[in-house]
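Trainee:
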Amino acid sequence: MYILAFCLTLGVAPIAPEPHVLEKLRMLFQGELVRPIDIFDLFLHGTPWALLLLKAWRTLALRLRRVS
């Protein structure tokens, strides 16, 4: 539950004009993510989403293991 709140606050901040994580991912895919501050920004705003994905994967794996 805390991870979801973490994603909704730091993960999408600032909302306007676009979330930092989307801007930094676009820069990464275009090869423009070269400044240290931009790399730190991607890490800072991407960490909540990475934690959420890891938590969801672990929860799903544990539930599937219990069923079988």
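Mapping to numbering that gives the first Met the number 0: the sequence shown position 65 is 64, numbers consecutive. Yeah, the Cβ is synthetic: ideal placement off N, Cα and C, and Gly gets one too.
1) What are the start and end residues of the alpha helix (DSSP H) that includes E17?
2) Rounded C-beta distance between P3 and L51? I'm assuming under 8 Å.
3) Where does V33 fall in DSSP's three states?
4) Which residues in the same chain as L32 place their Cβ atom closer than 7 Å to its Cβ, once the five residues preceding and following it in sequence are excluded?
5) Going straight from the alpha carbon of V11 to that of M0, what length do you get?
6) Give the straight-line distance between the Cα atoms of W48 and L63, rounded to the nearest whole angstrom.
Mentor: Taking the coordinates as given:
1) Here E17 belongs to no alpha helix (DSSP H), and DSSP marks it neither H nor E.
2) The sequence given here places Leu at residue 3; Pro does not occur at that position. About 7 Å separates the two Cβ atoms, so the contact holds.
3) Reduced to three states, the DSSP call for V33 is coil.
4) The beta carbon of L32 is closer than 7 Å to those of K23, M26, I38, L41 in its chain, skipping five residues each way along the sequence.
5) Going by the C-alpha atoms only, they are around 16 Å apart.
6) One C-alpha to the other measures close to 22 Å.
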